Amino acid sequence: MSSKSILVIVRHPPHGSSWVREGLEAALVGAALGQPPTILFSGDGVLALLANQQRGALGQKGSAAMLEGLSLYDVEPLWYDHLSLEARGLDVSQLMPGCQQACIADMIARHDVVMSF
Amino acid sequence: MSSKSILVIVRHPPHGSSWVREGLEAALVGAALGQPPTILFSGDGVLALLANQQRGALGQKGSAAMLEGLSLYDVEPLWYDHLSLEARGLDVSQLMPGCQQACIADMIARHDVVMSF
Amino acid sequence: MSTLHLINRSPFSTNVLHELADAVSEGDHILLIEDGVYAAFGAPCWTLPEGISLWALQEDCASRGVTPSSVTWGTMDMAGFVALTASTHRTVSWF
Amino acid sequence: MSTLHLINRSPFSTNVLHELADAVSEGDHILLIEDGVYAAFGAPCWTLPEGISLWALQEDCASRGVTPSSVTWGTMDMAGFVALTASTHRTVSWF
Amino acid sequence: MAPQGLTYALMVQGAPYSQQASHSALRFAEALPAQGHRVAAVFFYHDGVYNAASMMSPPQDEPHLLERWRALHQVQQCELLVCVASAIRRGLLDESEAKRHGHSHPTLEAPFELTGLGQLMHAALHYDRLITFAP
Amino acid sequence: MAPQGLTYALMVQGAPYSQQASHSALRFAEALPAQGHRVAAVFFYHDGVYNAASMMSPPQDEPHLLERWRALHQVQQCELLVCVASAIRRGLLDESEAKRHGHSHPTLEAPFELTGLGQLMHAALHYDRLITFAP
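Chains as they are written, first to last, in this note's numbering: chain S, 1 to 117; chain Y, 118 to 234; chain G, 235 to 329; chain D, 330 to 424; chain R, 425 to 559; chain P, 560 to 694.
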């Protein structure tokens, strides 16, 4: 049972909704329990990986600080779907450190459980 | 003041969210106050006009019955954006009675206040 | 070890079907539910790899007045939805 | 008698910009806010009629790490947003 | 030049904390007086009604949206109008609705007030501008 | 043939009444026993936590979602788990959280229980299937 692998897919952009933070929180708790999930940014989720993000107006937290903390909990690397990045006219040099490219179809096929955010 | 004209634009599909019903309720109340708004279905909102809709599972209400009642309150016709209908591969014969085509840009320009749902 | 993909968003106002096309593998199933069933109605052009089974949830089609074009999309009742989640290895929700 | 159009959804996951293109009139303003500012970043191809002014809300760009390509999109602070709602006749929100 | 001294109505349709709509609406409303305008009424509709939940208890390092709405009411004397039909089905009841449904305590309190859609239509007709903030 | 006797965990992220997610999750869960399966846990996250609002009072001719969740709990003995961090910021407090925040009455009651994300991860690992219903 506890040997199941979990994939957390983040498909929403940061700031506009709380999905990115919620997906990352779930991943962090999994790691704290000794079951670090794989985390994949796909679709608009890759926008969460952009460098140079800040807090929002009214002090609204983004997800950038959480992302930097993930490696402390063995949730690394930050996988991104490379087609999603290309479709947004971005390349990896615009992302924060620690990002690595992946293919979403392979990622899904290699995990037992998938959680989407 | 009270001579302002109101346009209610419905842009979401029915059933999946409550937006269509909420937009129609606002329009009905406006009519009951003697200020019937114009109502325009655009984007996925045109899907609310499809004939042969039913209640959803668990008895969830759709918007079809409300739409049939609008003419009793002088909210008529049911305007639809014709480009939105075409983009969905539909034609007016598939819609409920009482629908008439419009152009959304003209509709917006002709009203003082626009409410979106 | 196949995957069931659940789509609940309209194909006309979102790009979820295009994203999905890169995420499926041979043997996967796609089930349209909620506003996703409008895709059964004539989705904007999108291409899928071979060997994917396409389904639409009957009760969500019925409430919306959608009749799937039977050539492409099969319909499935709630029991079929349950059976699909049991016979596939994992379920991915696209929203 | 011009209109201010507010866009708060990502141009990559929704088709809202295409819908908007049919809804604007000459002299209208479009202001990107919230996740809408990603359009300033290189939106998927879309065409607008002539005579439309394009803006992105500065604070939503900054929090997201988005630098608008100044050729197309001007940036505007919250005071500018308020001024736009006052100088146009009506505001339409697209979501 | 933009006209001065306008009255604004806002319609808020987004739930607090899950969507940015409440933040954007507050930011916008708070910026009105600097240009001589004011927000006269905020109408909460759809999931926006959750902005009025009186027991909202965010962590200390995040904005307290309920407090911000209260402050806005104090500074600009705006009405905070909550669609009664949307609120009651979601469990947001003022004192009299709570009693009517057999509960001893309200979940929505002043300066928020439960009201009908007539107030939204009135606001749209009566004030100079209507701006919608949605999820 | 599909395997028999599976245990399911559901994650519900959609708010009641504004989105169909709760309806779909309930319909799905209620259909499990006919094929020998059962839902073992429902985890409410994001705006899904609003499904647990104890004062929810829908009109008589609409489904009462809270009652449906309670009935599901009774029939299938499933846990109804509500993300505590998501709930408290939105004003959904059980008796002990209500006290801790200085309120006299809870807005969330059994069989719903406030719990951490550890329970979600546990459910994902421990039960046979995880199905997400979102807005």
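Quick reminder that beta carbons are idealized off the backbone N, C-alpha and C, glycines included.
In this text the structure is predicted, and so the values were computed from the model without any measurement.
Within 8 Å, strictly: CB atoms of residue i and residue j
{"i": "M115 of chain S", "j": "A26 of chain S", "result": "yes"}
{"i": "W402 of chain D", "j": "I336 of chain D", "result": "no"}
{"i": "A611 of chain P", "j": "V641 of chain P", "result": "yes"}
{"i": "L175 of chain Y", "j": "H582 of chain P", "result": "yes"}
{"i": "V137 of chain Y", "j": "I156 of chain Y", "result": "no"}
{"i": "M570 of chain P", "j": "Q35 of chain S", "result": "no"}
{"i": "R298 of chain G", "j": "H132 of chain Y", "result": "yes"}
{"i": "L639 of chain P", "j": "V601 of chain P", "result": "yes"}
{"i": "A274 of chain G", "j": "S303 of chain G", "result": "yes"}
{"i": "A257 of chain G", "j": "A105 of chain S", "result": "yes"}
{"i": "L585 of chain P", "j": "R627 of chain P", "result": "yes"}
{"i": "F588 of chain P", "j": "L631 of chain P", "result": "Reading off the sequence shown, one finds Ala at residue 588 of chain P, where the question assumed Phe. Yes, these two residues count as a Cβ contact at 8 Å."}
{"i": "C212 of chain Y", "j": "L166 of chain Y", "result": "In the sequence under discussion, the amino acid at residue 212 of chain Y is Leu, which differs from the Cys named in the question. Against a cut-off of 8 Å, the Cβ pair of L166 of chain Y and L212 of chain Y comes out as a contact."}
{"i": "L200 of chain Y", "j": "F158 of chain Y", "result": "no"}
{"i": "Q54 of chain S", "j": "G43 of chain S", "result": "no"}
{"i": "P530 of chain R", "j": "E537 of chain R", "result": "no"}
Span of the beta strand (DSSP E), counted from its first residue to its last, around residue i
{"i": "I241 of chain G", "result": "237–241"}
{"i": "L386 of chain D", "result": "382–386"}
{"i": "V436 of chain R", "result": "431–436"}
{"i": "W280 of chain G", "result": "Here W280 of chain G belongs to no beta strand (DSSP E), and DSSP marks it neither H nor E."}
{"i": "L450 of chain R", "result": "Element bounds for L450 of chain R: not the beta strand (DSSP E) but the alpha helix (DSSP H), 445–454."}
{"i": "E86 of chain S", "result": "Per DSSP, E86 of chain S belongs to no beta strand (DSSP E); it is in the alpha helix (DSSP H), 82–87."}
{"i": "R688 of chain P", "result": "688–692"}
Supposed close pair residue i, residue j - CB separation, criterion 8 Å
{"i": "Y567 of chain P", "j": "V598 of chain P", "result": "5 Å"}
{"i": "G45 of chain S", "j": "G371 of chain D", "result": "With a Cβ gap of about 17 Å, G45 of chain S and G371 of chain D do not count as contacting."}
{"i": "Q500 of chain R", "j": "P457 of chain R", "result": "7 Å"}
{"i": "S478 of chain R", "j": "G675 of chain P", "result": "S478 of chain R to G675 of chain P, Cβ: 25 Å. No contact."}
Distance between residue j and residue i (C-alpha atoms, nearest Å)
{"i": "M118 of chain Y", "j": "S416 of chain D", "result": "In this prediction, M118 of chain Y scores a pLDDT of 47, lower than 50, which makes its location untrustworthy; the coordinate-derived value is nonetheless stated afterwards. If I take the Cα positions, the gap works out to 18 Å."}
{"i": "M312 of chain G", "j": "P535 of chain R", "result": "45 Å"}
{"i": "L145 of chain Y", "j": "S259 of chain G", "result": "48 Å"}
{"i": "Q444 of chain R", "j": "T343 of chain D", "result": "17 Å"}
{"i": "A693 of chain P", "j": "Q428 of chain R", "result": "44 Å"}
{"i": "Y272 of chain G", "j": "D74 of chain S", "result": "41 Å"}
{"i": "A168 of chain Y", "j": "S663 of chain P", "result": "51 Å"}
{"i": "L184 of chain Y", "j": "G215 of chain Y", "result": "10 Å"}
{"i": "I123 of chain Y", "j": "V411 of chain D", "result": "21 Å"}
{"i": "V113 of chain S", "j": "H550 of chain R", "result": "54 Å"}
{"i": "M310 of chain G", "j": "L318 of chain G", "result": "10 Å"}
{"i": "I555 of chain R", "j": "V421 of chain D", "result": "7 Å"}
{"i": "L189 of chain Y", "j": "A149 of chain Y", "result": "10 Å"}
{"i": "S481 of chain R", "j": "G661 of chain P", "result": "11 Å"}
{"i": "A509 of chain R", "j": "L254 of chain G", "result": "38 Å"}
{"i": "D364 of chain D", "j": "A391 of chain D", "result": "12 Å"}
{"i": "E379 of chain D", "j": "L238 of chain G", "result": "46 Å"}
{"i": "L430 of chain R", "j": "L386 of chain D", "result": "22 Å"}
{"i": "S287 of chain G", "j": "H263 of chain G", "result": "5 Å"}
{"i": "F234 of chain Y", "j": "G69 of chain S", "result": "39 Å"}
{"i": "Q100 of chain S", "j": "V10 of chain S", "result": "15 Å"}
{"i": "S93 of chain S", "j": "Y80 of chain S", "result": "13 Å"}
Alpha helix (DSSP H) segment containing residue i, residue limits
{"i": "Y106 of chain S", "result": "The amino acid at residue 106 of chain S is misidentified as Tyr; the sequence shows Asp. From DSSP, the alpha helix (DSSP H) with D106 of chain S extends over 104–109."}
{"i": "V499 of chain R", "result": "489–500"}
{"i": "I512 of chain R", "result": "508–513"}
{"i": "H252 of chain G", "result": "250–255"}
{"i": "L266 of chain G", "result": "First-last for L266 of chain G: 263–266, but that is the beta strand (DSSP E), not the alpha helix (DSSP H)."}
{"i": "R21 of chain S", "result": "19–32"}
{"i": "L184 of chain Y", "result": "181–186"}
Residues bridged to residue i [DSSP beta-bridge criterion]
{"i": "M310 of chain G", "result": "G:L291"}
{"i": "T325 of chain G", "result": "G:L238"}
{"i": "M614 of chain P", "result": "Beta-bridge pairing links M614 of chain P to no other residue."}
{"i": "M232 of chain Y", "result": "Y:V125"}
{"i": "T674 of chain P", "result": "P:C642"}
{"i": "A600 of chain P", "result": "P:A568, P:E638"}
{"i": "T531 of chain R", "result": "None; T531 of chain R has no bridge partner."}
{"i": "F41 of chain S", "result": "S:V10, S:Y80"}
{"i": "L50 of chain S", "result": "S:L95"}
{"i": "Q101 of chain S", "result": "S:Y80"}
Residue i Cβ short of 7 Å to the ligand SAH heavy atom set
{"i": "Q428 of chain R", "result": "The ligand SAH is not part of this structure, which contains no ligands at all."}
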